[in-house]
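Notes follow once the structure below has been shown.
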Amino acid sequence: GVDYSEVDAGGVPALWIVPKGADARRVLFYAHGGGFIGGSIYPHRKLVGHLAKAVGCRALAYEYPLAHQAKHPAQLEAAMAAWNWLIDQGVDTRSIALAGDSCGAVLTYGVLQRLRSQGGPLPAATLIISGWFDMALTGASYETNRKKDPAFAREAVDWLVTNFIGDRDRLDPEVSALYADLSGFPPVFLQAGADEALVDESRMFAERARQAGVETRLDIFDGMLHSFQMMAGRAPEADDAIGRFAAWVRPRLGLPDAVNMAAGERAA
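In this text, residue positions in the sequence shown follow my numbering: the first is 75, and each later residue adds one.
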């Protein structure tokens, strides 16, 4: 029940993800994960399809250079090009929710910082899956979850940081949103797995956001690892997580809740 259509978004390869009956006026602007060494709009299209279908709107997932192709800020420049293209299509900024997983959080909050500096309206909301917020790797969960999440050992993530930014400042807010000024940013819903090495980054970011006056929700799922939502359609935990995102973001996009929408469809 979801259509996928490739598009050139201002010189950036992108994918329109359009569930049947979706509200065309609302859009999820999605930044995929992959540690800046892998991932693309194609393996992520299923996850984004489930999310867009649950919300009832379109999604635009965009590509960006991987770190072996170009270092930061090339990735953020691609995100901004795709964003500007989307706005040029006539989509109201306030009808857009930003979303992303893992390193997609870097681009999501990089886009927000640049939009704020331009002085225009900001998107309606932000959805983050297993966000990577701290290039300084200060979270205690790198050690406390080390045996549960060997894929994201501190040494491996440290290499990913260097691969992405070289010898640049790891506290630069455009790469480490944990150190950004978050004031005035849209509401954010963060999800993470309790067993993942990066879980404390979501906890720390949630606290920083609340201190900045940002409406913040953080859900941590017992027994889950990094970006477990990619199992949507095959695991009840992932489906539950997607459902929580949808229920939370729909009213912020001006969409009816799922119960009322279903009742309207039956009446029609």
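Note that the Cβ used here is the ideal one computed from N, Cα and C, for glycine as well.
Proximity to residue i [Cα-Cα], best of the options
i	options	result
residue 154	189, 198, 247	189
residue 243	146, 134, 118	146
residue 114	247, 134, 313, 126	134
residue 251	277, 270, 271	277
residue 265	287, 201, 322	201
residue 327	220, 225, 171	171
residue 299	109, 164, 96, 224	224
residue 273	112, 98, 176, 163	176
residue 245	295, 210, 179, 322	210
residue 249	187, 271, 229, 267	187
residue 103	95, 117, 179	179
residue 144	94, 239, 247	239
Beta-ladder partner(s) of residue i, from DSSP
i	result
residue 253	According to DSSP, which records beta bridges pairwise, residue 253 is partnered with nothing at all.
residue 116	Answer is none; residue 116 lacks a bridge partner.
residue 310	BP columns for residue 310 are empty, so no partner.
residue 80	89
Cut-off 6 Å between Cβ atoms - residues of its own chain near residue i, not counting five sequence neighbours on either side
i	result
residue 275	207, 208, 213
residue 237	141
residue 338	Summary for residue 338: the model assigns pLDDT 42, below 50, so the residue's position carries little reliability, and this model does not support an answer.
residue 290	262, 280, 283, 284
residue 81	88, 90
residue 308	none
Nonlocal neighbours in the same chain, by C-beta distance under 8 Å from residue i, ignoring five residues either side
i	result
residue 83	134, 136, 155, 156, 159, 160
residue 336	With a pLDDT of only 45 at residue 336, under the threshold of 50, the placement of this residue in the model should not be trusted; the figure read from the coordinates follows. Hits under 8 Å: none found.
residue 181	105, 138, 149, 150, 153, 174
residue 334	Any answer about residue 334 is weak, because its pLDDT of 47 lies below 50 and its placement is not dependable; what the coordinates show is given next. Result list for residue 334: empty, nothing under 8 Å.
residue 112	140
residue 232	211
Same chain, Cβ closer than 7 Å to residue i, five either side skipped, listed in chain order
i	result
residue 91	76, 78, 119, 122, 123, 126, 132, 133, 135
residue 317	128
residue 260	196, 197, 198, 199, 200
residue 226	270, 271, 272, 300
Residue-chain proximity (residue i, chain D), Cβ-Cβ < 8 Å
i	result
residue 266	Absent from the structure: chain D. Only one protein chain is present.
Inter-residue CB distance, residue i and residue j (contact presumed, cutoff 8 Å)
i	j	result
residue 195	residue 218	The pair is not a contact, with the Cβ atoms about 40 Å apart (cut-off 8 Å).
residue 331	residue 324	6 Å
residue 286	residue 183	About 12 Å; that fails the 8 Å criterion.
residue 165	residue 101	5 Å
residue 241	residue 268	Not quite, the Cβ-Cβ distance comes to about 34 Å (not below 8 Å), so this is no contact.
residue 216	residue 306	In fact, because the Cβ distance is near 27 Å, the residues do not count as touching under 8 Å.
residue 96	residue 130	6 Å
residue 385	residue 234	Lying outside 75 to 342, the shown extent of the chain, residue 385 is not represented and no answer is given.
With a floor of 3 residues, list each beta strand (DSSP E) that falls wholly inside the segment 162 to 219, ordered by position along the chain. 170 to 175, 199 to 203
Where are the alpha helix (DSSP H) runs, 4 residues long or more, that stay fully inside the segment 259 to 304, in chain order? 273 to 285
What residue ranges within the segment 86 to 165 form continuous beta strand (DSSP E) runs of no fewer than 3 residues, ordered along the chain? 86 to 93, 97 to 105, 131 to 136
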